[in-house]
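The opening residue of the sequence shown carries number 576 in the working numbering; numbering runs sequentially from there. Quick reminder that beta carbons are idealized off the backbone N, C-alpha and C, glycines included. Structure, as structure tokens:
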Amino acid sequence: MKVIYLCAKHPPFDGRIYYKICSALLKKGYELINVHPNIEDETNNGIKLVGFEQKTGIIGRLKSLKAMYQVAKRQNPDVIFAPEPDSLFIAYIIKRKVKNTKVIFDCHEWYNVH
């Protein structure tokens with residue numbers, strides 16, 4: 576099963592995402608792909624890291640969302656973990672295109688406070 580952790584803001588080696596969640600899923604035998612902004616593509620400890628260009632401003636944000644969508648959809652995921660509202664939005668667009676994709680909103684931030 577191919578699992579994507581789709582991040583709009585988190586750094587690629589975030590302690591909770593990379594070292595706890597993704598490492599645990601990898602040990603269970605899942606194929607793990609982390610999609611993060613502004614990183615080079617690489618594979619580290621069996622986890623594939625895939626980047627997209629993230630820009631600033633409102634127009635830049637829309638371009639970034641499009642880039643995130645294109646990169647994530649190309650991975651053909653079975654499951655998408657989305658930790659932010661932006662990544663959740665993109666995950667649901669992918670789910671509409673790829674019917675068997677499951678989406679999990681990993682809400683570990685207090686968005687109503689920020």
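In this structure, the CA atom of residue 632 is about 21 angstroms from the CA atom of residue 610. Counted as a single uninterrupted DSSP element, the stretch harbouring residue 655 is not any alpha helix (DSSP H) but the beta strand (DSSP E) occupying residues 654-657. The Cβ-Cβ distance between residue 644 and residue 614 does not fall below 8 angstroms.
Burial check for residue 587: the Cβ neighbour count within 10 Å reaches 16 or more, so the residue is buried.
Between residue 681 and residue 675, the alpha-carbon positions lie close to 19 angstroms from each other.
A straight line joining the alpha-carbon of residue 624 with that of residue 635 spans about 22 angstroms. By the 16-neighbour rule on beta-carbons within 10 angstroms, residue 594 is exposed.
Only exposed fits residue 599, as fewer than 16 other CB atoms lie within 10 angstroms of its CB. If you draw a straight line from the Cα of residue 653 to the Cα of residue 616, it is about 20 angstroms long. In the three-state DSSP reduction, residue 678 falls in the strand class (E or B).
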